[in-house]
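Asks: For the sequence shown, this note's numbering assigns the number 1349 to the initial residue and increments by one for each residue that follows.
In this text, a Cβ means the ideal position worked out from N, Cα and C, and glycines have one as well.
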Amino acid sequence: MVELEELKKIFILKRLTDPMLERIKPLVTVKRFRDRDVVFREGEEATEFHMLYSGLILLEMPISPVMDITLGTIKPGYSFGWSALMPPPTHYTTHAISSGNSEVFCLPGKELQTMMDEDPELGYRLLRGVVNILKKRLERRTEQFLKTLKSHPDIQKPFWE
C-alpha cells in the first residue's frame, strides 16, 4: 500500500488534509510501466485518475493512422486522466504513454467521485486542482496553436506583402 508521505508528493493532493488522504489511501493502486507502455488510449472509457510518482508520461494524439504527436509531458508529482473525475460516460482525450520506466498511482474514478460527493470539502479541494490542470493545458494548447498558426505560409503571406 502507498504511504501517506508518498501521496503528499502529488501536487493535486497537497490541498488535502491528512484525514482526507487517509480516506483516499486505500483506493490507490500502484502501476508500473516500461518504455512505450500504454497507460490508456484516447477514446477508451475513463475509469481511473492517474498521478505520476516517478518517470515520465507522454500525452499523445493521433494525427494520421501512422503518426501520433506529443501534446505534452507529465512529470513526477503531476496528474493526468482527469476525465475519470467527470460524470459518466467519459472517455480519455489523449493517449498516455510511458517514456522509460514509470510508477503511477491510480484512483478509481467512480469511487473517488462518490467520496467527493460524500465529502464536499474534499471534492472542492480536488476539483480546484483539476481546474488548475485544465487551465494550464488550455494555455499550453493555445500557445501551441498560435505558434503553428503564425508559421503557416498562408497566414504569414498577408503580413509581408
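(1) So, are the CB atoms of residue 1439 and residue 1392 less than 9 angstroms apart?
(2) Do you know offhand how far residue 1486's Cα is from residue 1493's?
(3) So, does the segment 1373-1380 touch the segment 1416-1423, judging by three or more C-beta pairs under 8 angstroms?
(4) Given a threshold of 16 other Cβ atoms within 10 Å of its Cβ, counted over all protein chains shown, does residue 1460 qualify as buried or as exposed?
(5) Going by C-alpha distance, which of 1412, 1378, 1470 and 1502 is nearest residue 1350?
(6) Can you give the beta carbon distance from residue 1402 to residue 1353, rounded, assuming they're within the 8 angstroms contact cut?
(7) CB-CB under 8 angstroms to residue 1359, same chain, minus the five flanking residues each way: which ones, in chain order?
(8) Return the Cβ separation of residue 1470 and residue 1364 in integer angstroms, given the expectation that the two are a contact with Cβ distance under 8 angstroms.
(9) Distance, Cα to Cα, residue 1449 vs residue 1407?
(10) State the start and end residues of the unbroken alpha helix (DSSP H) segment that holds residue 1464.
(11) At what residue ranges does the segment 1384-1461 contain a whole run of the beta strand (DSSP E), taking only runs of 3 or more?
(12) Between the C-alpha atoms of residue 1413 and residue 1467, what's the straight-line distance to the nearest angstrom?
(13) Around the Cβ of residue 1409, are there at least 16 other Cβ atoms within 10 angstroms (buried) or fewer (exposed)?
(14) Could you have a look at residue 1378 and say whether DSSP puts it in helix, strand or coil?
(15) Quick one: residues in its chain with C-beta nearer than 8 angstroms to the C-beta of residue 1499, no 5 flanking neighbours on either side, listed in chain order?
(16) Going by DSSP in three states, residue 1491 sits in which element: helix, strand or coil?
(17) First and last residue of the alpha helix (DSSP H) that includes residue 1368?
Replies: By the coordinates alone:
(1) Translated into the one-based positions of the sequence shown, residue 1439 becomes position 91. Translated into the one-based positions of the sequence shown, residue 1392 becomes position 44. Yes. Within cutoff.
(2) One-based indexing of the sequence shown puts residue 1486 at position 138. One-based indexing of the sequence shown puts residue 1493 at position 145. Rounded to the nearest angstrom, the two C-alpha atoms are 10 angstroms apart.
(3) no
(4) Taking the first residue of the sequence shown as 1, we reach residue 1460 at position 112. Buried, because 16 or more other Cβ atoms sit within 10 Å of the Cβ of residue 1460.
(5) Reading the sequence shown from its first residue, position 2 is the one you call residue 1350. With distances taken between Cα atoms, residue 1350 lies closest to 1378.
(6) On the sequence shown, position 54 is the one that residue 1402 refers to. On the sequence shown, position 5 is the one that residue 1353 refers to. Actually they do not touch by this definition, with Cβ atoms about 14 angstroms apart.
(7) In the sequence shown, residue 1359 corresponds to position 11, counting from 1. 1425, 1426, 1427 and 1477.
(8) For the purposes of this step, residue 1470 is taken as the residue at position 122 of the sequence shown. For the purposes of this step, residue 1364 is taken as the residue at position 16 of the sequence shown. Contact holds; Cβ gap of about 7 angstroms.
(9) Your numbering for residue 1449 matches position 101 in the sequence shown. Your numbering for residue 1407 matches position 59 in the sequence shown. Cα to Cα, residue 1449 sits roughly 15 angstroms from residue 1407.
(10) As a first step, residue 1464 is located in the sequence shown; it is residue number 116 there, counting from the start. Element bounds for residue 1464: 1457-1466.
(11) 1386-1388, 1396-1402, 1405-1412, 1415-1422, 1443-1446 and 1450-1456
(12) Against the sequence shown, residue 1413 aligns to sequence position 65. Against the sequence shown, residue 1467 aligns to sequence position 119. Answer to the nearest angstrom: the Cα atoms are 44 angstroms apart.
(13) Indexing the sequence shown from 1 puts residue 1409 at position 61. Label assigned to residue 1409: exposed.
(14) Position 30 of the sequence shown, counted from the start, is the residue given in the question as residue 1378. Reduced to three states, the DSSP call for residue 1378 is strand.
(15) Position 151 of the sequence shown, counting from 1, holds the residue named residue 1499. Excluding sequence neighbours, residue 1499 sits near nothing in its chain.
(16) By one-based count along the sequence shown, residue 1491 stands at place 143. Residue state, collapsed to three classes: helix.
(17) For this step, residue 1368 is matched to residue 20 along the sequence shown. Start and end: 1366-1372.
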